[in-house]
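Asks: The following block contains the structure, expressed as structure tokens.
There are 2 protein chains.
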Amino acid sequence: MGISKTEIFTDQQNEIALFAKAFGHPARVAILQHLFKIDTCVCGDLVNEIGLAQPTISQHLKALKNLGLIQGSVEGTRVCYCIDPKHWTKMKQILSNFLNQDVSIKSDCC
Amino acid sequence: MGISKTEIFTDQQNEIALFAKAFGHPARVAILQHLFKIDTCVCGDLVNEIGLAQPTISQHLKALKNLGLIQGSVEGTRVCYCIDPKHWTKMKQILSNFLNQDVSIKSDCC
DNA sequence: TTCATTCATCGTAATATTGCAATGAAGCAA
DNA sequence: TTGCTTCATTGCAATATTACGATGAATGAA
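So the protein lines, in turn, are chains A and B.
Residues 1 to 110 (UniProt numbering) are what the first sequence spells out, left to right.
Residues 1 to 110 (UniProt numbering) are what the second sequence spells out, left to right.
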């Protein structure tokens with residue numbers, strides 16, 4: 001009913017899904033790519049860089065922050081965001097494990 | 001407005017988001033893991049394996065199939081699903097490229 | 001043919017997500 | 001103080017997703 005029945009899945013499955021959902025929107029992909037590109041951290045430049053309204057960007061940043069993938073530090077009236085390397089690496093390992101399951105070479109289905 | 005503004009993002013960003021969305025639900029993660037585990041293909045066993053109703057599983061399978069990640073072949077009254085190795089590999093490369101962006105080692109944000 | 005099995009599709013309800021205008025909170029400058 | 005800037009939050013509308021009962025299509029068995 002529009003709500004995922006998380007309780008019938010393993011913690012691992014739910015964790016993979018949670019992380020994957022973070023990348024499930026092009027705006028969040030763009031935000032992360034931009035944070036990677038410029039090694040100094042950015043703030044509201046993301047609003048100019050990506051063509052979405054400021055509240056929308058703020059919402060996406062919040063989602064990424066809640067997952068721990070980015071961190072923000074206040075600098076006067078500005079807020080500086082950057083990748084959180086530790087959590088990014090952890091997430092990367094979890095997703096890579098899932099993606100790298102071996103595809104058995106038999107090409108035929110059934 | 002509930003609709004992603006895909007037009008303001010690059011094809012690459014939209015593609016990453018589309019694939020990631022496929023893993024953004026634990027049921028689809030579970031389906032894929034099960035298809036990997038048993039190397040012979042499965043059909044409605046997925047309904048028993050995962051605790052969701054048959055139409056729900058069917059819906060998730062359709063989503064995965066539309067992305068090309070799995071393929072299904074009819075066998076009498078049954079339908080046999082399995083990973084599509086070619087598309088899986090392609091998807092894996094696209095997502096890995098994104099995940100493996102270098103985290104610059106400077107730990108401090110701004 | 002009739003019946004049972006298997007799966008897809010339809011229709012619908014409940015919830016989630018996306019997006020933005022309006023507003024609020026916090027800092028800095030004058 | 002006032003005003004400006006920057007960002008977060010609130011509130012709401014539009015759309016998407018998730019889930020399942022009911023039904024339909026196709027096959028095989030009797």
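Each residue gets a CB set at the ideal place from its N, CA and C atoms; glycine is no exception.
Should residue 53 of chain B go down as buried or exposed, given a rule of 16 or more other Cβ atoms within 10 Å for buried?
Replies: In the second sequence, counting from the first residue as 1, residue 53 of chain B sits at position 53. Counting every other CB atom within 10 Å of its CB across the protein chains shown gives residue 53 of chain B a total below 16, marking it as exposed.
Asks: Write down the C-beta distance between residue 16 of chain A and residue 94 of chain A rounded to the nearest angstrom, noting that I regard them as a contact closer than 8 Å.
Replies: Your numbering for residue 16 of chain A matches position 16 in the first sequence. Your numbering for residue 94 of chain A matches position 94 in the first sequence. Indeed, because the Cβ distance is near 6 Å, the residues count as touching under 8 Å.
Asks: At what residues does the beta strand (DSSP E) containing residue 75 of chain B begin and finish?
Replies: Counting from one through the second sequence, the residue named residue 75 of chain B turns up at place 75. Start and end: 70–75.
Asks: Could you round the C-beta distance between residue 27 of chain A and residue 50 of chain A to whole angstroms and report it? I think they count as a contact, below 8 Å.
Replies: What you label residue 27 of chain A is simply residue 27 of the first sequence in a count that begins at 1. What you label residue 50 of chain A is simply residue 50 of the first sequence in a count that begins at 1. So it is a contact: roughly 6 Å between Cβ atoms.
Asks: Please check if any C-beta of chain A sits within less than 8 Å of the C-beta of residue 55 of chain B.
Replies: Taking the first residue of the second sequence as 1, we reach residue 55 of chain B at position 55. It does not; no Cβ of chain A falls within 8 Å.
Asks: Considering only the beta carbon of each residue, do residue 9 of chain A and residue 30 of chain B sit closer than 8 Å?
Replies: As a first step, residue 9 of chain A is located in the first sequence; it is residue number 9 there, counting from the start. As a first step, residue 30 of chain B is located in the second sequence; it is residue number 30 there, counting from the start. A contact, by the Cβ cut-off of 8 Å.
Asks: Reducing DSSP to helix, strand and coil, say where residue 50 of chain A ends up.
Replies: Stepping through the first sequence from its first residue, residue 50 of chain A is reached at position 50. Residue 50 of chain A falls in the coil class under three-state DSSP.
Asks: State the beta-bridge partners of residue 83 of chain A as determined by DSSP.
Replies: Working through the first sequence from its first residue, we reach residue 83 of chain A at position 83. The partner list for residue 83 of chain A (beta bridge, DSSP) reads A/70.
Asks: Please tell me whether residue 63 of chain B has its Cβ less than 8 Å away from any Cβ of chain A.
Replies: By 1-based counting over the second sequence, the position of residue 63 of chain B is 63. No, residue 63 of chain B does not count as interfacial toward chain A.
Asks: According to the neighbour-count rule (16 or more other Cβ atoms, all chains shown, within 10 Å of its Cβ), is residue 59 of chain B buried or exposed?
Replies: By 1-based counting over the second sequence, the position of residue 59 of chain B is 59. Residue 59 of chain B is exposed by the Cβ-count criterion.
Asks: Please report how far the alpha carbon of residue 71 of chain B lies from the alpha carbon of residue 73 of chain A, in whole angstroms.
Replies: Position 71 of the second sequence, counted from the first residue, corresponds to residue 71 of chain B. Position 73 of the first sequence, counted from the first residue, corresponds to residue 73 of chain A. Each residue's alpha carbon lies about 46 Å from the other.
Asks: How is the alpha helix (DSSP H) around residue 37 of chain A delimited, first residue to last?
Replies: Position 37 of the first sequence, counting from 1, holds the residue named residue 37 of chain A. Start and end: 26–37.
Asks: Please list, in chain order, all residues of the same chain as residue 46 of chain B whose beta carbon is under 8 Å from its beta carbon, the five residues on each side excluded.
Replies: Taking the first residue of the second sequence as 1, we reach residue 46 of chain B at position 46. Here the set comprises 31, 34, 57, 61, 81.
Asks: Nearest chain A C-beta to residue 58 of chain B closer than 8 Å, yes or no?
Replies: As a working note, residue 58 of chain B is residue 58 in the second sequence. Contact with chain A is absent for residue 58 of chain B, since none of that chain's Cβ atoms lies less than 8 Å from the residue's Cβ.
Asks: Please name the residues in the segment 68–86 of chain A whose beta-carbon is closer than 7 Å to at least one beta-carbon of chain B, in chain order.
Replies: 71, 73, 75, 80, 82, 83, 85
Asks: Is there a Cβ of chain A sitting closer than 8 Å to that of residue 34 of chain B, yes or no?
Replies: By one-based count along the second sequence, residue 34 of chain B stands at place 34. No, because no Cβ of chain A sits closer than 8 Å to the Cβ of residue 34 of chain B.
Asks: Give a yes or no on whether the minimum CB-CB distance between residue 20 of chain B and chain A is below 8 Å.
Replies: Reading the second sequence from its first residue, position 20 is the one you call residue 20 of chain B. Cβ-Cβ to chain A under 8 Å: yes for residue 20 of chain B.
Asks: Would you tell me roughly how many angstroms separate the C-alpha atoms of residue 1 of chain A and residue 55 of chain B, rounded to the nearest one?
Replies: Taking the first residue of the first sequence as 1, we reach residue 1 of chain A at position 1. Taking the first residue of the second sequence as 1, we reach residue 55 of chain B at position 55. Bear in mind that a pLDDT of 44 at residue 1 of chain A, under 50, signals an unreliable position, so the number given afterwards is only what the model happens to contain. Using only the alpha carbons, I get a separation of about 13 Å.
Asks: Measuring alpha carbon to alpha carbon, tell me which of A/75, A/7, A/38 ends up nearest residue 25 of chain B.
Replies: Your numbering for residue 25 of chain B matches position 25 in the second sequence. With distances taken between Cα atoms, residue 25 of chain B lies closest to A/7.
Asks: The alpha helix (DSSP H) that contains residue 14 of chain B, what's its start and end?
Replies: On the second sequence, position 14 is the one that residue 14 of chain B refers to. Per DSSP, residue 14 of chain B belongs to the alpha helix (DSSP H) from 11–22.
Asks: What number of angstroms, rounded off, separates the C-alpha of residue 23 of chain B from the C-alpha of residue 100 of chain B?
Replies: Locating residue 23 of chain B in the second sequence gives position 23, counting from the first residue. Locating residue 100 of chain B in the second sequence gives position 100, counting from the first residue. Rounded to the nearest angstrom, the two C-alpha atoms are 18 Å apart.
Asks: Can you name the residues of chain B whose CB is closer than 7 Å to the CB of residue 24 of chain A?
Replies: For the purposes of this step, residue 24 of chain A is taken as residue 24 along the first sequence, with counting starting at 1. Here the neighbours are 17, 20, 21, 24.
Asks: At 7 Å on the CB atoms, spell out the chain B contacts of residue 51 of chain A, in chain order.
Replies: The count along the first sequence starts at 1 and reaches residue 51 of chain A at position 51. Residues of chain B with a Cβ closer than 7 Å to the Cβ of residue 51 of chain A are, in chain order, 8.
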